[in-house]
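First the structure, in the form of structure tokens, and then the observations on it.
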Amino acid sequence: MSSPDQSLSLRLSMSRALARIGLRASGVIVALVAWQVVCELGLANLDLVPSPIDVARAFVDLASSGVLFEDAAHTVGATLMGWGIAAVAGVVVGAVLGVSHVARAYASPAVDLFRTFPPIAFVPVALVAVGLSVRLEIVVIVAGCVWPILIGTTDGVRGISAEKHDLARVLRLGRLARIRKIVLPAALGGVMVGLRVGMGLALVLAVTAEMIGNPSGIGYAIVRAGESLHPDRLYAYIVTVGILGVALNVAVVALSERLVPQPRRRQ
């Protein structure tokens, strides 16, 4: 491809990217403007629903004081630790269940039972076992996040083509080598879907555990803001959770795009 063609292709790619970003941002902007208009017209109780401008001021105040970053760092740390443990357990067990028909037959009833338990139900158990600490959040996160990762990995492994299994037999690979060299790379798409779902769930569970169990992080800050009748701070923390959720999702998607081969689009 010649240099002018490369330059044109680059400009077209940048234009498409900017158009996608603008399209996604437009919905948020319209919602914020509508929210502000409702508040300005007095159609909302400002003691309960602050305007976006008030929320933005509270966000800036919390950020400038450093409190927002401390709370966010705690929540993100707990989210990543719990998600990481759930990822290791879910991928390992899911790969074994996907490869072994016998293991899957024995474990499926237990998996179907335990994955229906609400993770928040483990908060009282975690309180007794580990007390008020970040470990409480990690227990709750792992209890909820391991299942989508495990199921995504199992389905990904079971969806591997027969040619891949034939290749493993031709190479005379053992069980562990087969999983490491053939199974997991081929099942990476399903694994990454489970990891992406698990990441979003991990953040939700971390915030929920902080609200009802561990007096730390963004979840506890939301409760504290509500009890002290500061709705602007409450909404600022809720917006922070949304920003963190988007950032973590973008990170997992970027990792997935690097690890999983993407089909080429037709020009």
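In terms of this note's numbering, the sequence shown is residues -19 to 247. Think of the CB as a built atom: it goes at the ideal place given N, C-alpha and C, for glycine as much as any other residue.
Cβ contact annotation for ALA167 (same chain, cutoff 8 Å, sequence separation greater than five): ALA75, GLY78, THR133, GLY136, VAL137, GLY139, ILE140, in chain order. Beyond the five residues adjoining it in sequence on each side, TRP63 comes within less than 7 Å, by CB distance, of ILE121, CYS125, GLY178, MET179, ALA182 in the same chain, given in chain order.
For ALA43, the uninterrupted alpha helix (DSSP H) run begins and ends at 32 to 45, by DSSP. Annotated as distal: ASP51 and GLY170, with beta-carbon spacing of 8 Å or more. Per DSSP, PHE94 is one residue of the alpha helix (DSSP H) stretching across 81 to 94.
The alpha-carbon of ILE202 is positioned some 16 Å away from that of ALA36.
At the C-beta level, LEU112 and ASN229 stay beyond 8 Å of one another. The closest CA to that of CYS19, considering only SER6, LYS161, ASP34, is found on ASP34. Contact check for ALA66 against GLU117 fails: the beta carbons are separated by 8 Å or more.
Judged by DSSP in its simplified three-state form, ARG152 adopts coil rather than helix or strand. A direct Cα-to-Cα measurement between TYR217 and PRO98 gives close to 25 Å. Pairing SER80 with ALA90, the inter-Cα distance amounts to about 16 Å.
Between the alpha carbons of PHE39 and TYR215 lies a distance of about 9 Å.
Ranked by how close their Cα comes to the Cα of ALA106, the residues PRO128, TRP15, LEU48, ALA123 have ALA123 in first place. One thing to note: GLY225 has its Cβ no nearer than 8 Å to the Cβ of GLY70. For GLY22 and MET191, the gap between their C-alpha atoms comes out near 31 Å. Sequence-distant partners of ALA43 (beyond 5 residues in either direction) whose C-beta falls short of 8 Å from its own C-beta, in its chain, are PHE49. If you check the CB distance, LEU239 and MET172 come in under 8 Å. In the structure shown, SER208 adopts coil according to DSSP, grouped into three states. In the three-state scheme derived from DSSP, where H, G and I count as helix and E and B as strand, PRO98 is classed as coil. The beta carbon of GLN16 sits closer than 7 Å to those of SER31, PRO32, ILE33, all from its chain and outside the five residues before and after it, given in chain order. Straight-line spacing of the CA atoms in SER236 and TYR86 works out to 31 Å. The continuous alpha helix (DSSP H) containing GLY136 extends over residues 114 to 138.
Exclusion of the five residues before and after ARG115 leaves ALA106 as the residues of its chain whose Cβ lies within less than 8 Å of its Cβ. ALA189 sits buried, since 16 or more C-beta atoms from the chains shown fall within 10 Å of its C-beta. In the three-state scheme derived from DSSP, where H, G and I count as helix and E and B as strand, LEU21 is classed as coil.
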